[in-house]
Structures are given as structure tokens and as C-alpha cells.
Amino acid sequence: MSSKPQVDPKQAAYASAALTDWDRVANQPEFKALLAAKAKFIVPATIFFLVYYFALPVLVGYAPELMKTAVIGPINLAYLFALSQFFMAWIVAFLYMRAALKFDTMASDVLARLKGQKSSGVKA
Amino acid sequence: MSTSLLMFLVFIAITLGITAWAARQSSGASAFFAAGRRITGWQNGIAVAGDYMSAASFLGIAGIIAFQGYDGFMYSVGFLVAYLTVLLIVAEPLRNSGKYTMADVLAYRLSPRPVRAMAALSTLTVSTFYMIAQMVGAGTLVALLLKGSGISYNLAVTLVGVLMVAYVVFGGMLATTWVQIVKAVLLIGGTFLLSILVLAHFHFSLNEFFTAITQVKDGTKVVNFLTPGLRYKPPYGALDLISLGLALVLGTAGLPHILVRFYTVPDAKTARVSVAWAIGIIGVFYILTTFLGFGAATILGKAFIGKNGGINMSAPLLAQALGGDIFFAFISSIAFATILAVVAGLTISASTSFAHDVYENVLHHGEPQTAQKSVLVARVTAFVVGAVSIGIAIVLGPTFNVAFLVGLAFAVAASANLPVILMSIFWRRFTTQGAVAGLATGLISSLALIIISPSIMGIDGPTVAAAARHLIQMKPLFPLENPGIVSIPLSFIGAIVGTLMSRVSADSVAKFTELEVRANTGLGAEEALAH
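Residue numbers (this note's numbering), protein chains in the order written: chain E, 16 to 139; chain P, 112 to 642.
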């Protein structure tokens with residue numbers, strides 16, 4: 016297997032963080048960039064899906080006449096809007112999965128940098 | 112009806128076989144509670160979907176749509192969109208910061224004993240409500256299925272309870288996960304088949320199908336079942352609909368038996384992938400409730416279903432009408448397996464919570480206990496929880512509304528659990544007092560509002576049958592069926608006020624940084640068990 020079987024890189028990074036300070040990771044520009052990138056996607060996406068979702072009970076509850084309008088043959092706006100929620104959920108989920116690939120790369124950069132700091136610290 | 116009985120036995124044999132296999136595979140605490148964290152993304156996704164598609168989804172939603180049309184479909188929408196809350200906000204931080212239960216993420220920064228004790232109480236409450244609903248569903252189903260064979264509702268409930276305990280006691284999380292996977296595949300397959308039969312009945316014409324939905328015979332009247340408002344009527348209907356929506360969209364991310372699933376996978380990325388799988392599978396399933404529910408409304412009608420087993424039997428009766436007795440037995444067996452699997456999932460989350468949170472961390476101050484002891488405590492809890500819910504389900508009897516109990520579980524989960532989960536992940540200043548105040552406010556207010564709601568309180572005329580009478584013969588003090596719109600904000604307020612009134616803990620603030628790093632990078636997260 017590995018030439019250094021006793022050291023698991025993730026375990027080593029954990030030990031290093033525990034020994035020094037989680038603050039060091041928190042202050043890394045890479046980590047701050049990761050949090051910012053996540054917030055930039057998750058906050059607007061969450062607001063969007065909640066607004067889109069609650070528009071359904073609000074419209075159905077307070078504008079029933081509008082929602083009763085038949086749109087495609089006998090199918091009314093209420094059913095179509097409800098059905099659109101499924102596609103909305105799938106699209107938001109797909110976009111998040113795609114964005115999360117970038118978050119994974121950024122997170123592994125943070126961990127790689129942490130490992131680098133540790134080994135350079137040992138040498139110095 | 113011997114076909115149904117035979118198919119039943121086959122299903123039970125298959126699931127117990129899986130359990131026996133899993134029992135040989137699993138050893139140790141991580142294996143028992145978290146399936147060794149070796150479940151893959153798609154496997155866990157199907158298991159999450161399986162845990163979610165309970166009696167409420169398959170029997171309940173089909174029934175509500177069959178009886179009250181469009182308004183019932185709102186359950187389908189809410190149940191699915193709720194998974195965006197899980198995917199975007201809760202799943203990954205939870206996986207990275209916890210070990211076995213929802214309380215792990217709370218106890219990470221806060222004083223573990225009070226927080227774990229409260230969280231375990233709320234977990235047990237939510238799981239029990241959810242479980243009683245499944246038991247009642249199983250009882251009615253078996254009573255219908257084996258009509259005339261002498262199997263009573265009480266016996267059916269006891270049977271389900273015993274099987275469930277066997278799953279959990281012998282197989283643990285790994286067996287439960289595989290039972291869930293097998294059942295989810297069968298449930299989706301059965302639902303597809305039934306939907307195709309409904310469409311075939313309307314000559315594969317969506318236009319003919321939807322036209323029929325707009326002309327459903329309800330007694331002497333012809334009603335458009337696509338019209339909103341058949342269930343949620345003025346003056347409080349609109350508000351009740353929003354309250355239900357709130358409970359559903361925030362409740363899923365606080366359901367203990369769903370949250371524990373994220374500890375069965377190796378890492379946060381796999382947790383995320385599994386939610387994506389679940390969203391895909393569950394979405395297809397809930398769209399198909401259109402055919403199940405409206406199909407039952409148009410082809411069978413309310414009066415026929417009411418006479419032949421009641422609202423919750425709409426989907427099985429539809430299967431019988433369209434596919435004959437064998438298909439009826441097939442669909443019923445799937446429904447039965449569904450309930451069995453969901454009940455097993457609920458039991459394991461409740462027993463995990465008791466063993467890990469109360470036994471190890473509250474009673475033994477977090478000192479490590481031997482794995483054998485913890486697993487034994489969990490097994491004993493499974494027995495106790497099983498016995499309690501069998502007892503309550505028998506006391507409530509077969510007429511108790513299944514959908515009501517599950518809606519209740521969602522409202523309690525959204526009120527008690529979600530606010531404190533969000534605050535412990537995102538609010539640096541959050542304190543132990545805030546968490547306990549939030550959990551307590553949410554739990555008590557949601558339960559209290561349900562007790563004084565029209566579901567429990569009401570004045571029945573002398574003609575109302577004994578089984579259908581309200582539990583408290585009084586004018587309801589709270590006008591909404593679902594408490595979410597009041598109890599969820601109250602819980603947030605409780606958590607905020609509790610936090611602001613208590614001293615900031617330097618340790619909790621320091622740990623917040625640790626949690627933030629860990630949640631976002633996976634640094635130090637629980638690893639998968641080596642093979």
C-alpha cells in the first residue's frame with residue numbers, strides 16, 4: 016500500500032488543526048472565499064425556492080378565481096403551478112449539485128494548504 | 112384472499128432474509144447505528160426516498176386527493192420541495208459535524224447534557240407520532256386485505272410491531288437501509304403500474320383523464336376536483352394551507368429518521384448526492400399521486416371507497432378495480448412493506464437517539480460506554496418504543512386519521528428541531544439556554560395548539576358515529592388544523608430570547624469557528640468504517 020501507512024492525510028490535517036488553532040483555517044483567504052462562494056449561491060437560491068413555493072398556497076388561498084382559470088384544455092392554473100414546483104425543485108437541485116462541485120474543489124484547496132503549512136512548519 | 116396472504120408471506124420472508132444477512136455483516140456501534148458509514152450515494156438516496164414514502168404518502172395522499180381533490184396534491188408539492196431545505200442547508204453540515212444523531216450538531220458547541228436531553232425528547236415525540244400513524248395504516252390495510260380471515264386490526268398492529276422490532280434488534284441500520292431500498296424500488300414500480308392502468312382506463316388520453324377530474328360525481332352533485340378549496344375553505348382555509356406549507360417545507364429537515372440517514376454515508380459529498388437521488392425519485396413518485404388520487408376519485412368515487420375500507424384504502428381499492436385481486440394483493444403487500452420499513456426506520460432513529468444521547472451522554476456524562484452496552488440499550492429501546500406505539504395505535508383504533516398524525520409529526524419537527532439546528536450551524540452567539548428554550552417552546556406550543564385545534568376539539572351532533580367523534584367536545588380554541596404558522600415563529604423567538612438573555616459562552620463561540628470549518632471542509636468529520 017502506501018509508503019507511510021501510519022499517517023492518513025486527513026487524520027494528519029485534523030491533528031494539526033487540533034494542535035494549533037481552528038482559527039488559522041478560518042482565517043485562510045481560501046476558506047473565506049469558500050464561505051463567500053457558498054453564500055453567494057445558497058442565499059439567493061433559498062430565497063427563490065421559498066418565494067416560489069409559498070406563492071402557491073398564497074395564490075390558491077387568496078386568489079382562487081385566478082387559479083381556477085383553465086389553461087390547457089380542462090387543466091387549470093392551480094394544477095399547472097403545483098406541477099411546476101416539481102420541475103423548480105429538480106432545477107434548483109441540479110444547479111446546486113453543479114455549484115457544489117466547485118465548493119468541493121475549494122474545500123480540498125483549504126485542506127491542502129493546511130497540510131502544506133504543517134509540513135513547512137515542521138521543516139522550519 | 113389466499114393470494115394476498117401468500118404474497119404477504121413472500122414479502123415478509125424476503126425482508127427478513129435481508130435482515131438476517133445484514134445481521135451477520137454488522138458488528139460494533141458504528142455498524143449498528145450508521146451502517147458502518149459505507150452506504151453509497153445512490154443506495155442512501157433510495158433509502159431516504161424509502162423512509163419518506165410512508166403510509167402517509169402512498170395511502171394518505173391518494174386518499175386525500177380521492178376525497179378532497181386538488182388540496183390533497185398540496186401535500187405532494189410540500190413533501191418534495193422540503194428536500195431543497197435539506198439539500199441546500201442541512202445535509203452537509205450535519206454529516207460533517209455529527210456522529211449518530213441530530214443532537215450531535217447541537218451538542219457540538221453547546222452544553223451537551225441539557226441539549227441532548229431535550230433533543231432526545233423531541234426526537235422520541237416526533238418518531239412516536241409518525242410511527243403510530245404507520246401502525247394505524249397497517250392495521251386498516253391488513254384488516255381490509257384479510258377480510259373474513261379472522262385477522263383483526265389489533266392483531267395486525269401487533270404483528271407489524273413485532274416484525275419491526277425484529278428488524279431493528281437483529282439487523283440494525285444496515286438491515287433497515289436494505290429493507291428500505293428493496294421496498295422503495297417495489298413501491299415506485301407498483302405506483303408506475305397503477306398509474307399506467309389509470310391512464311389505460313382513459314384510453315391513454317390525458318385530456319380525457321383531466322376532463323373526468325373536472326366532472327367527479329359527489330353524491331348528487333358534479334364537482335370539479337381540480338378546483339382548490341374543497342378541503343381548505345374560508346374563513347381560515349388559506350391560512351391553514353400556508354401553515355401546512357410551512358410545516359412541510361421546514362419539517363423534513365427536522366425529521367430525526369431522515370437526518371440519521373446522512374450518517375450512514377462516508378462523507379458530506381455522498382450525503383449531498385443521496386439527497387439529489389431522493390429528490391429525483393420522490394418527485395416522480397409524488398407527480399404520480401395525480402393518477403392514484405384523481406384516478407380513485409374518478410373511477411371509484413368517494414362513496415364506494417368510504418363503504419369499502421375508508422379514505423386510506425383508496426390506492427389499494429383502485430388497484431383491485433383496475434388490475435383484479437392479484438394486483439390488489441401486490442399493491443397491498445407493497446403498502447404493507449412500506450409501512451414495515453418506515454416503522455423500522457423510525458424505531459432505529461428513536462432507539463439511536465436514546466442510546467447515544469440519553470444513555471451515553473446524559474446518564475454517563477459522555478464517558479465512552481462499551482459498544483455492546485450502547486447497542487444493547489438501543490435494542491431495549493426498540494422493544495419499548497415498539498410496545499408503546501402498538502399500545503397507542505390499538506387504543507386509538509382503526510378510524511384515527513393517518514394523515515393528521517403525520518402532519519402533526521411534521522409540524523412538531525419543524526417547530527422543535529429545525530430552528531435550533533439552523534441557529535447552531537449559523538449563529539455564532541447561540542447559547543445552550545437558547546437551544547433549550549427553542550426546543551421546549553417549539554415542542555410545547557406545537558403540541559398544545561394541536562390539542563386545541565379543530566382536529567381534536569369540536570362539538571359533534573348526536574348523529575355522528577362514536578368512532579368519528581372529536582376527542583374533546585368543545586368549540587376549538589385555535590382555528591387552524593396545522594399549528595406551524597404560529598409554533599414555528601414561536602420556537603425561533605424562544606431560541607433568540609433564550610440566547611440573548613443568557614451570557615455569551617467563550618467556549619461556544621470558539622467552537623463555532625471549529626464547527627464552521629468542519630461543516631464546510633469536512634475536516635475531522637467521522638470517517639467510514641474500514642472494510
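Beta carbons: idealized from backbone N, C-alpha and C, even for Gly.
Nothing here was measured: the structure is a model prediction, and the numbers come from that model.
Query: If we cut at 8 Å on Cβ distances, does P590(P) have a partner in chain E?; Result: no
Query: Given A452(P), which residues of its chain have a CB within under 7 Å of its CB, disregarding the five upstream and five downstream residues?; Result: G161, V290, Q291 and K294
Query: Helix, strand or coil for A576(P), going by three-state DSSP, please let me know.; Result: coil
Query: For chain P, is any of its Cβ atoms less than 8 Å away from the one on Y130(E)?; Result: Note on residue identity: the sequence assigns Lys, not Tyr, to residue 130(E). No, its Cβ sits nowhere closer than 8 Å to a Cβ of chain P.
Query: Under 6 Å Cβ to Cβ from A244(P), same chain only, skipping five residues before and after it: list those, please.; Result: V513, L516 and V517
Query: Among the candidates S564(P), A267(P) and L558(P), whose CA atom is the shortest distance from the CA of G502(P)?; Result: A267(P)
Query: With a cut-off of 8 Å on the beta carbons, I'd call T65(P) and V496(P) a contact; round off their distance for me.; Result: Residue 65(P) is absent from the structure shown; chain P starts at 112 and stops at 642.
Query: Quick one, which of S462(P), R224(P), I583(P) and L428(P) has its alpha-carbon nearest V473(P)'s?; Result: R224(P)
Query: Would you mind telling me which residues of chain C sit closer than 9 Å to I57(E), beta carbon to beta carbon, in chain order?; Result: No chain C appears in this structure, whose protein chains are E and P.
Query: Assuming K332(P) is part of the beta strand (DSSP E), what are its boundary residues?; Result: K332 to V334
Query: Step through the CB atoms of chain E and report whether any lies within less than 8 Å of the CB of A387(P).; Result: yes
Query: Tell me the rounded alpha-carbon separation between N207(P) and V547(P).; Result: 23 Å
Query: Ignore the nearest five residues each way along the sequence and tell me which others in I392(P)'s own chain have a CB closer than 8 Å to its CB.; Result: G156, I157, A160, A295 and I299
Query: Quick check on this structure: which residue in L582(P), M118(P) and K380(P) has the alpha carbon closest to the alpha carbon of K14(E)?; Result: Residue coverage of chain E in this structure runs from 16 to 139, which leaves residue 14(E) outside it and unanswerable.
Query: Using DSSP with H/G/I as helix, E/B as strand and the rest coil, what is K328(P)?; Result: strand
Query: Would you identify the three-state DSSP class for V137(E), choosing helix, strand or coil?; Result: Low confidence applies here, because V137(E) scores a pLDDT of 42, under 50, leaving its location unreliable and the question unanswered by this model.
Query: Starting from the C-beta of L519(P), find all residues in its chain whose C-beta is less than 7 Å away, skip the five residues before and the five after it, and write them out in chain order.; Result: F240 and I561
Query: What residues in its chain sit with their C-beta under 7 Å from that of V192(P), if we drop five residues either side in the sequence?; Result: V360
Query: Quick one, are the C-beta atoms of G609(P) and G549(P) less than 8 Å apart?; Result: yes
Query: What span of residues does the alpha helix (DSSP H) with V360(P) cover, start to end?; Result: G348 to G362
Query: What are the start and end residues of the alpha helix (DSSP H) that includes A493(P)?; Result: A482 to L507
Query: Whose C-beta lies closer than 7 Å to the C-beta of S385(P) among residues of the same chain, with five residues either side of it excluded?; Result: G152, N155, G156, V159 and V376
Query: Where does the unbroken alpha helix (DSSP H) through V237(P) begin, and where does it stop?; Result: P223 to L256
Query: Look at the Cβ atom of K622(P), then the Cβ atom of R227(P), and state whether they are nearer than 8 Å.; Result: no
Query: What number of angstroms, rounded off, separates the C-alpha of V188(P) from the C-alpha of L98(E)?; Result: 8 Å
Query: In the DSSP assignment, the beta strand (DSSP E) including I583(P) goes from what residue to what residue?; Result: Element bounds for I583(P): n/a, residue is neither H nor E.
Query: Could you pull the start and end residues of the alpha helix (DSSP H) that A85(E) belongs to?; Result: That residue, A85(E), is in no alpha helix (DSSP H); its beta strand (DSSP E) goes A85 to I87.
Query: Beta carbons nearer than 7 Å to chain P: which residues of the segment 68 to 91 of chain E have them?; Result: Y68, F69, L71, P72, V73, V75, G76, Y77, P79, M82, K83, G88, P89, I90 and N91
Query: Give a yes or no on whether the minimum CB-CB distance between V125(E) and chain P is below 8 Å.; Result: yes
Query: Give me the Cα-Cα distance between I62(E) and M585(P), rounded to the nearest whole angstrom.; Result: 41 Å
Query: Is I563(P) helix, strand or coil when you go by DSSP?; Result: coil
Query: If we call anything under 8 Å between Cβ atoms a contact, is S222(P) one with T624(P)?; Result: no
Query: Spatial neighbours of F178(P) within its chain, please: C-beta separation below 6 Å, excluding the five flanking residues on both sides.; Result: K413 and I422
Query: Are S500(P) and G272(P) touching if we call contact CB-CB under 8 Å?; Result: yes
Query: So for I570(P), helix, strand or coil by DSSP?; Result: coil
Query: For I90(E), which beta-bridge partners are listed by DSSP?; Result: I87(E)
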